[in-house]
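Novice: Below is the structure I would like to discuss, written out as structure tokens.
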Amino acid sequence: MKRRKFFKNMGIGVGSGLLPTFAFPNGFPSISEAVYHKSILSRISNEADEIAIRLVCTNHENRKRSTKISIQVEGTGTITRQKGYFLEPSDGNVSQSQQTNISLHPSDYDIVVFWVKSPNSNTSCTISYNRDKFTFTVGDLLNNSELTFGKEKALTANILSYQETGKLDSTAFGIADQDKFRFSILADLQGGDPSIPKNERTRMKIHNAFIEDTVALTNNLSPEPSFSIILGDFVDSIGQEENFVYMERLVSPLKMPLFLEIGNHETPYNADFSPSEKKDYLKNYFDSQKRINGSNKLLYSFDVGKWHFVVWPDPLRKNFWMNYPHYFDWLENDLEKHKEKPVVFFQHVPIHPIGIDPLTSYVESVSVRKQLLELLTKFGNVKYVFSGHVHIPLKASLKTAVTYKGIKMINLPAAGYRPRAFGEPDFFGGPEQGVCVVDIDQEDIKVHYQHVTKEWFTYPDSFPAFDDKKHALWFNQPWELPSEEKIRNHDFSNGLQHWHQRFVYHEDKDPSNICEIRETSEGKKQLYLLSRKRGYDVPGQDRLPQHINRVAQRVSLGNSPNPALNIRYRPESGKFDVNSYNGFFLILECYSEDYNCVNLVYSTGKIFYGVTKGFGMYENVKTHHFDLPAEPGKLHDLTLPFAKDYQSINEKKESFSELKVDSILVWLGVWTVNEGIDQQVGMYIDEVSLTKTAKSTPTTPRKPEGGIWYPKMGHIAGEHHYIEQEMIYPPGLNGK
32 MKRRKFFKNM
42 GIGVGSGLLP
52 TFAFPNGFPS
62 ISEAVYHKSI
72 LSRISNEADE
82 IAIRLVCTNH
92 ENRKRSTKIS
102 IQVEGTGTIT
112 RQKGYFLEPS
122 DGNVSQSQQT
132 NISLHPSDYD
142 IVVFWVKSPN
152 SNTSCTISYN
162 RDKFTFTVGD
172 LLNNSELTFG
182 KEKALTANIL
192 SYQETGKLDS
202 TAFGIADQDK
212 FRFSILADLQ
222 GGDPSIPKNE
232 RTRMKIHNAF
242 IEDTVALTNN
252 LSPEPSFSII
262 LGDFVDSIGQ
272 EENFVYMERL
282 VSPLKMPLFL
292 EIGNHETPYN
302 ADFSPSEKKD
312 YLKNYFDSQK
322 RINGSNKLLY
332 SFDVGKWHFV
342 VWPDPLRKNF
352 WMNYPHYFDW
362 LENDLEKHKE
372 KPVVFFQHVP
382 IHPIGIDPLT
392 SYVESVSVRK
402 QLLELLTKFG
412 NVKYVFSGHV
422 HIPLKASLKT
432 AVTYKGIKMI
442 NLPAAGYRPR
452 AFGEPDFFGG
462 PEQGVCVVDI
472 DQEDIKVHYQ
482 HVTKEWFTYP
492 DSFPAFDDKK
502 HALWFNQPWE
512 LPSEEKIRNH
522 DFSNGLQHWH
532 QRFVYHEDKD
542 PSNICEIRET
552 SEGKKQLYLL
562 SRKRGYDVPG
572 QDRLPQHINR
582 VAQRVSLGNS
592 PNPALNIRYR
602 PESGKFDVNS
612 YNGFFLILEC
622 YSEDYNCVNL
632 VYSTGKIFYG
642 VTKGFGMYEN
652 VKTHHFDLPA
662 EPGKLHDLTL
672 PFAKDYQSIN
682 EKKESFSELK
692 VDSILVWLGV
702 WTVNEGIDQQ
712 VGMYIDEVSL
722 TKTAKSTPTT
732 PRKPEGGIWY
742 PKMGHIAGEH
752 HYIEQEMIYP
762 PGLNGK
């Protein structure tokens with residue numbers, strides 16, 4: 032505890048990846064500034080005696096801006112490497128020996144990190160930024176949480192801290208170093224004190240009861256696990272101190288050493304990890320971790336026997352990865368140092384797709400997933416990735432498990448939280464909560480799962496390979512798809528060739544999502560899309576709209592002055608009601624190089640506002656909605672003059688050509704409210720094609736008021752439910 036107070040008094044939050052201010056209101060303590068800085072540097076440097084300095088280049092203008100940046104260091108210390116994070120293809124390669132060209136779209140930011148070995152407070156850094164030069168010392172960075180330069184703070188600099196990363200000595204936790212052992216994984220306990228404000232009282236009591244049973248189950252395993260790890264979401268709610276204290280009591284009976292990983296419930300939902308934020312959002316997590324096992328790490332690793340283990344943070348909070356980019360560098364170095372050892376990687380949020388909403392948007396971004404996956408596959412030593420977050424049933428855990436480039440990826444059921452509904456019965460009829468048990472013998476590994484009701488399941492030794500060509504959009508941005516000169520296979524005569532699909536979870540019987548090619552009686556092929564409410568109504572949390580059933584293709588526009596899209600579709604009779612909360616949508620994601628400048632959404636009936644969430648890189652893209660006719664059984668043959676539509680609806684009345692759109696991503700999909708009775712939509716699409724110079728076609732009607740649905744959600748005992756029950760249930764069942 033004295034060590035934590037020392038850090039706090041010196042101005043370093045124990046959980047801060049960014050360095051807060053070190054200014055003292057009454058001047059420095061009795062120690063000299065140089066001695067003070069030396070003490071701080073020793074604590075924030077990595078194992079190679081390097082500090083990481085982060086530069087953020089931001090474009091606050093309404094137009095694209097190109098920037099040139101180069102870095103020089105003088106005095107004590109040398110630059111060992113430079114890396115760019117979250118860059119786009121139009122950006123240059125970040126290297127030590129050359130000037131870097133960075134393209135910044137409106138509201139865009141790019142990050143450059145450089146590492147300086149053995150610096151002192153007088154080490155001078157000069158940043159050439161376009162025509163300007165900015166110079167600062169390491170001491171300046173130590174005395175300020177962030178330095179800003181240029182017009183509208185176009186460039187900011189700060190030091191990144193390594194104090195919450197590192198390799199732990201497992202023997203110090205009482206873990207025997209042996210080649211034959213077992214360990215246990217508890218995912219998503221999500222318990223806490225039911226009596227405190229902002230907690231869902233009934234939900235918390237339910238979780239706590241299962242947590243007690245899972246802890247007892249883990250203690251009764253024979254042989255006993257050498258250690259256990261909680262795979263994130265140790266607590267429910269928003270990381271209140273009372274919940275951590277309560278949970279420590281619930282897990283205290285565990286006989287073996289216990290490790291923690293951070294998930295998305297250990298901090299407030301509105302937590303912002305920007306340097307300007309002074310709140311220590313991680314304090315309660317670190318205090319609890321300290322009380323449980325004496326450590327204070329967010330990202331760490333350890334060895335047991337022949338195996339290496341890495342624990343990765345996944346808080347899913349604003350600006351976290353923007354402000355912790357050096358964690359990727361730490362991981363790369365750690366995996367390289369242990370490339371002769373097989374590795375188990377723990378993360379809260381799955382890196383592989385699960386196939387239901389909201390697990391397309393409520394996960395790490397594409398750029399984070401892609402960066403992480405490149406590191407996990409780089410040295411060939413990562414054998415297993417275990418994740419939680421989903422509250423997945425055991426059967427769905429097995430069906431979604433995949434192998435990718437030699438790595439087996441398994442999403443695990445929760446230890447405390449009730450499962451989401453995946454639309455079908457599970458293997459066993461009882462509760463899903465339980466514990467994952469992993470047996471290791473030399474370099475052999477076996478993975479099991481045991482429910483609190485004692486059913487024992489062993490995962491197979493191999494899983495299907497993940498098809499990153501078929502499901503390219505999981506690990507790639509939309510603008511990274513190949514761009515065609517025209518829509519290929521526009522009439523689906525070659526099946527789904529050239530069309531990219533989302534990974535969708537399918538029930539064994541009567542799947543709630545269908546995406547397939549069907550033939551008419553005349554032999555004409557059509558794309559058939561169907562989405563309906565998932566079956567098998569059981570308590571769970573999957574009461575959220577599903578819009579994952581879709582296909583996409585990227586097509587080049589070139590210099591088309593007045594493009595339009597032609598489409599022929601037919602709503603299926605008996606499987607679509609224009610007044611229901613289900614429908615068909617066509618989305619045009621418009622790109623200028625790698626910048627998503629606008630989204631145009633064409634849809635039948637009502638449309639869920641979130642159909643564009645979680646599929647692109649930029650969160651604040653302007654979206655415009657248009658209305659499509661939807662008479663069931665009728666073939667609708669339309670030309671959508673989307674360039675004219677944009678000009679008619681945008682506030683500035685700017686022309687489509689001013690956006691400099693050079694490619695569009697064409698989405699065809701269906702969505703369902705996924706609740707109520709007889710909620711479904713079936714749609715046949717005959718063909719879709721692009722006209723680069725449209726004739727005089729009238730503009731498409733705007734979506735009428737009330738046509739865009741913003742659901743009002745409530746929470747009862749842990750279940751999401753719609754407050755507007757009358758919209759999805761008939762009279763007598765809707766409270767009216």
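Okay, so the sequence shown: first residue is 32 according to this note's numbering, each after it adds one. Here a beta-carbon is modelled for each residue, glycine too, at the ideal position from N, C-alpha and C.
#1: How far does the alpha helix (DSSP H) with residue 724 in it reach, from first residue to last?
#2: In whole angstroms, give me the CA-to-CA distance for residue 496 and residue 432.
#3: Of the residues 715, 670, 694, 503, which one's Cα is nearest the Cα of residue 725?
#4: State the Cα-Cα distance for the pair residue 414 and residue 579, rounded to the nearest angstrom.
#5: Determine the direct distance from the alpha carbon of residue 703 to that of residue 582, and round the result to whole angstroms.
#6: If you follow the beta strand (DSSP E) that residue 437 is in, where does it begin and where does it stop?
#7: Please state whether DSSP places residue 319 in a helix, a strand or coil.
#8: So is the beta-carbon of residue 419 under 7 Å away from any non-hydrogen atom of the ligand FAD?
#9: Give every residue of the same chain whose Cβ lies closer than 7 Å to the Cβ of residue 639, excluding the five residues on either side of it in the sequence, and list them in chain order.
#10: From the DSSP output, read off the bridge partner residues of residue 303.
#11: In the DSSP output, which residue or residues are listed as bridge partners for residue 481?
#12: Could you please give me the residues that DSSP links to residue 417 through a beta bridge?
#13: Within its chain, find whatever has a CB closer than 7 Å to the CB of residue 761; leave out the 5 residues flanking it on each side and keep chain order.
#14: State the Cα-Cα distance for the pair residue 521 and residue 632, rounded to the nearest angstrom.
#15: Per DSSP, which one or two residues make a beta bridge with residue 621?
#16: Write down the C-beta distance between residue 602 and residue 674 rounded to the nearest angstrom, noting that I regard them as a contact closer than 8 Å.
#17: Given this structure, state the Cα-to-Cα distance separating residue 203 from residue 696, to the nearest angstrom.
#18: Here's the rule I'm using: 16 or more other beta-carbon atoms within 10 Å means buried, otherwise exposed. How should residue 134 be labelled?
#19: Identify the continuous alpha helix (DSSP H) that holds residue 338 and give its terminal residues.
#20: Given a cut-off of 8 Å, decide if residue 487 and residue 622 are closer than it, judged by their beta-carbon atoms.
#21: Checking 8 Å against the spacing of the C-beta atoms, do residue 215 and residue 254 come in under that value?
#22: Taking all protein chains shown into account, decide if residue 596 is buried (16 or more other Cβ within 10 angstroms of its Cβ) or exposed.
#23: Can you check DSSP and say which residues form a bridge with residue 605?
#24: Going along the chain, which residues of its own chain have a beta-carbon closer than 6 Å to the beta-carbon of residue 524, five neighbours each way excluded?
#25: Cα separation between residue 646 and residue 392?
#26: Check the DSSP bridge columns for residue 255 and list the partner residues they point to.
#27: Report the three-state DSSP secondary structure of residue 400 (helix, strand or coil).
#28: Hey, residue 418 and residue 444: beta-carbon distance below 8 Å or not?
#29: What three-state label does DSSP hand residue 704 in the structure shown?
#30: Quick one: measure Cβ to Cβ for residue 652 and residue 681, integer angstroms, because I've assumed they're closer than 8 Å.
#31: Here's the rule I'm using: 16 or more other beta-carbon atoms within 10 Å means buried, otherwise exposed. How should residue 302 be labelled?
#32: In the DSSP assignment, what residue or residues form a beta bridge with residue 584?
#33: Which whole runs of the beta strand (DSSP E) in the segment 189-244 are 3 residues long or more, in chain order?
#34: Could you compute how far the alpha carbon of residue 69 sits from the alpha carbon of residue 153?
#35: In the DSSP output, which residue or residues are listed as bridge partners for residue 104?
#36: Using DSSP with H/G/I as helix, E/B as strand and the rest coil, what is residue 72?
Specialist: Reading off the structure:
#1: Where residue 724 is concerned, there is no enclosing alpha helix (DSSP H), given that its DSSP letter is neither H nor E.
#2: Here the alpha carbons of residue 432 and residue 496 stand approximately 9 Å from one another.
#3: Of the listed residues, the one whose Cα sits closest to residue 725 is 670.
#4: Near 29 Å, if we compare the C-alpha coordinates of residue 579 and residue 414.
#5: If you take the alpha carbons of residue 582 and residue 703, they lie about 16 Å apart.
#6: Neither: residue 437 is in no beta strand (DSSP E) and is coded neither H nor E.
#7: Helix, per DSSP.
#8: Ligands in the displayed structure: none, and consequently the ligand FAD is not present.
#9: Excluding residues within five positions, the ones whose Cβ falls inside 7 Å are 576, 578, 702, 740.
#10: Partner(s): 349.
#11: In the DSSP output, where bridge partners are listed per residue, residue 481 has 466, 487.
#12: Answer is 377, 441.
#13: Excluding sequence positions up to five before and after residue 761, its CB lies within less than 7 Å of the CB of 708, all in the same chain and listed in chain order.
#14: As the crow flies, the alpha-carbon of residue 521 is around 19 Å from that of residue 632.
#15: In the DSSP output, where bridge partners are listed per residue, residue 621 has 629, 695.
#16: Between residue 602 and residue 674 the beta-carbon gap is near 26 Å, outside 8 Å, which marks them as no contact.
#17: Roughly 53 Å between the two C-alpha positions.
#18: Label assigned to residue 134: buried.
#19: No alpha helix (DSSP H) holds residue 338; the beta strand (DSSP E) holding it covers 338-342.
#20: In terms of Cβ geometry, residue 622 and residue 487 do not form a close pair [threshold 8 Å].
#21: Going by C-beta atoms, residue 215 is not nearer than 8 Å to residue 254.
#22: Taking all protein chains in view, the Cβ of residue 596 is crowded by 16 or more other Cβ atoms within 10 Å, so the residue is classified as buried.
#23: Looking at the DSSP assignment, residue 605 forms no beta bridge with any residue, so it has no partner.
#24: So the list reads 556, once near-sequence residues are dropped.
#25: The predicted position of residue 646 is uncertain, since its pLDDT is 43 and thus under 50; a value taken from the coordinates is nonetheless stated next. Cα to Cα, residue 646 sits roughly 7 Å from residue 392.
#26: Its beta-bridge partners do not exist; DSSP assigns none.
#27: In the three-state reduction of the DSSP assignment, residue 400 falls in the helix class.
#28: With respect to the 8 Å criterion, residue 418 and residue 444 are not classified as neighbours on the basis of their beta carbons.
#29: Three-state DSSP puts residue 704 in coil, outside helix and strand.
#30: Not confirmed; about 13 Å, so no contact.
#31: Classification of residue 302: buried, given that the 10 Å Cβ count is 16 or more.
#32: Partner(s): 697.
#33: If we require 3 residues or more, the beta strand (DSSP E) runs fully inside the segment 189-244 come out as 196-198, 211-217.
#34: Their Cα atoms are separated by approximately 11 Å.
#35: The partner list for residue 104 (beta bridge, DSSP) reads 156.
#36: Correct three-state label for residue 72: helix.
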